[in-house]
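Some notes on the structure that comes next.
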Ligand code: ADP
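In this note's numbering, the protein residues as written are 1199 to 1468.
Next comes the structure, spelled out in C-alpha cells:
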C-alpha cells in the first residue's frame, strides 16, 4: 500500500496517550461514536484537540488516520486517485477511503484551511447515509461500523472567507475546548514534561498574563502546547526564563516591538 506524506496512520495501541479532561468531553466523544455521528472540535491551537482524538481512538480501540488541512488539500487527496504503475492504471485509496473501508477514526485537523471541494465527500459521510461516493472509480462505499469522522478548526483564527459553512456545521455534533483552567493546565504541563509543580505553576501564570493581552498583533496566544515545550526545556536543564523566552514568547510574534512587550510581561511574572 502506498503511503502519502499527507497523512499518518497510528497503529492501535493498548495504552491510550494521556489526556486530562477539561469537562465531559470523553463521554461526549464516546456517545457520539456510539451513535455513529460525526464530531466537530472547536478551539484554539494547542489546547488539546488532537490529543483528545488520539486518546479516544486508543480508548475505543479504533485505528486513527490523521490529515492536516492546508490550502492545497482537495477531495482527491482524501479519496484517492488513479496512478500509472508499470504501464497499468491502478486506483490507490486516499486516507479517507482507507478509514471508511477499515472502520477507522478519520481526523481532519484545521478543516477550514482545505479546499472547498472536500465538502462534497464529507457531507454524505457526515449525515445518515455514511457513504463515500468515489466519482473517479464509480464506487459508492458504505462506511464500516467503526468509522467516525472528526473535524477540528480554530474559530478564533479565521479568514472572513474561510469560516465553516452552516450546511457543514449542522451535520456535526460540536464540542468546544478552550485552554484548561489553571490548576488543570499546571497538572498537564507537569505530567507532559516531568517539570516540578512550581515550574508548571509559573508557566501557567505566564500564560494567563499573556492571554490577558488584547494586542491585535498577536494571531494566537500562549497555548498549553507552548507551555509544555518550555517545561521540557527547563526539565532538560535550561533556566526557566530562557526556556519561556524560546518556547513561548518567540513563538507568538516576529515583530521586534511586540516581542519586547511580551518579554516585559514575562519579566513581571517569572
Ligand atoms: P491542538 O490539536 O488543539 O492544536 P494538541 O492536542 O496537539 O493541540 O495539544 C498540544 C499539547 O498540549 C499536547 O501534545 C499535550 O502535550 C498537551 N495537552 C493539551 N491538553 C492536554 C490534555 N487535556 N491532556 C494532556 N495533554 C494535553
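C-beta atoms are modelled at their ideal positions from N, C-alpha and C, and glycine is treated no differently. None of the values given here were measured: they were computed from a predicted structure.
Give the list of continuous alpha helix (DSSP H) stretches no shorter than 4 residues that lie fully inside the segment 1431-1463.
The DSSP assignment places 1438-1442 as complete runs of the alpha helix (DSSP H) inside the segment 1431-1463, in order along the chain (cut-off: 4 residues).
Exercise. Rounded C-beta distance between residue 1236 and residue 1347? I'm assuming under 8 Å.
Worked result: Rounded to whole angstroms, the Cβ separation of residue 1236 and residue 1347 is 4 Å, and the two are in contact under 8 Å.
Open item on the list: Within 10 Å of its beta-carbon, does residue 1314 have 16 or more other beta-carbons around it, so buried, or fewer, so exposed?
Closed with: Exposed, since its Cβ has fewer than 16 Cβ neighbours within 10 Å.
Apart from the five residues just before and just after residue 1353, which ones in its own chain have a Cβ nearer than 7 Å to its Cβ?
Excluding sequence neighbours, residue 1353 sits near 1240.
- Query: Does DSSP classify residue 1199 as helix, strand or coil?
  - Reply: Note on residue 1199: pLDDT 40, under 50, position unreliable in the model; no value is reported.
When every heavy atom of the ligand ADP is checked, does at least one fall within less than 7 Å of the C-beta of residue 1401? Proximity of the beta carbon of residue 1401 to the ligand ADP is not indicated: no heavy atom of the ligand is located closer than 7 Å.
Taking just the CA atoms, how far does residue 1222 sit from residue 1376? Distance between residue 1376 and residue 1222, taken at the CA atoms: about 13 Å.
What residues are listed by DSSP as bridge partners for residue 1329? Bridge partners of residue 1329: 1340.
Please state whether the Cβ-Cβ distance between residue 1298 and residue 1342 is less than 8 Å. Contact flag set, yes.
Q | Under 8 Å between C-beta atoms of residue 1431 and residue 1444 | A | In terms of Cβ geometry, residue 1431 and residue 1444 form a close pair [threshold 8 Å].
Q. Nearest to residue 1217 by CA position, among 1247, 1402, 1231, is which residue?
A. For residue 1217, the nearest C-alpha among the options comes from 1247.
Any 3 or more C-beta pairs closer than 8 Å across the segment 1316-1333 and the segment 1375-1390: Between the segment 1316-1333 and the segment 1375-1390 there are fewer than three C-beta pairs closer than 8 Å, too few to call the two in contact.
Below 8 Å, can you find three or more Cβ-Cβ pairs linking the segment 1284-1301 to the segment 1243-1259?
-> Counting C-beta pairs closer than 8 Å gives fewer than three between the segment 1284-1301 and the segment 1243-1259, which falls short of the contact rule.
Q) What do you reckon, is the C-beta of residue 1247 under 7 Å from a heavy atom of the ligand ADP? A) It does: the Cβ of residue 1247 is within 7 Å (strictly closer) of some heavy atom of the ligand ADP.
Rounded C-alpha distance that separates residue 1361 from residue 1421: Straight-line Cα distance between these residues: approximately 22 Å.
Tell me residue 1279's beta-bridge partners as DSSP assigns them. Answer is 1290, bridged to residue 1279.
* Asked: Which residues in the same chain as residue 1308 place their Cβ atom closer than 8 Å to its Cβ, once the five residues preceding and following it in sequence are excluded?
  -> Cβ-Cβ distances below 8 Å link residue 1308 to 1266, 1267, 1268, 1350, 1351, 1352 in the same chain, with the five nearest sequence neighbours on each side left out; the list follows chain order.
- Just to check, is the beta-carbon of residue 1216 closer than 7 Å to a non-hydrogen atom of the ligand ADP? Relative to the ligand ADP, the nearest heavy atom lies less than 7 Å away from the CB of residue 1216.
* To do: Count the other C-beta atoms from every protein chain shown that fall within 10 angstroms of the C-beta of residue 1225, then say buried if there are 16 or more, exposed otherwise.
  => That one is exposed.
For the beta strand (DSSP E) containing residue 1350, name the first residue and the last one. For residue 1350, the enclosing beta strand (DSSP E) begins and ends at 1346-1351.
Worksheet entry | CA-to-CA distance, residue 1215 to residue 1434, given in whole angstroms | Looking at the two C-alpha atoms, the distance is approximately 22 Å.
*asked:* Are the CB atoms of residue 1450 and residue 1425 within a distance shorter than 8 Å?
replied: No, they are not a contact pair.
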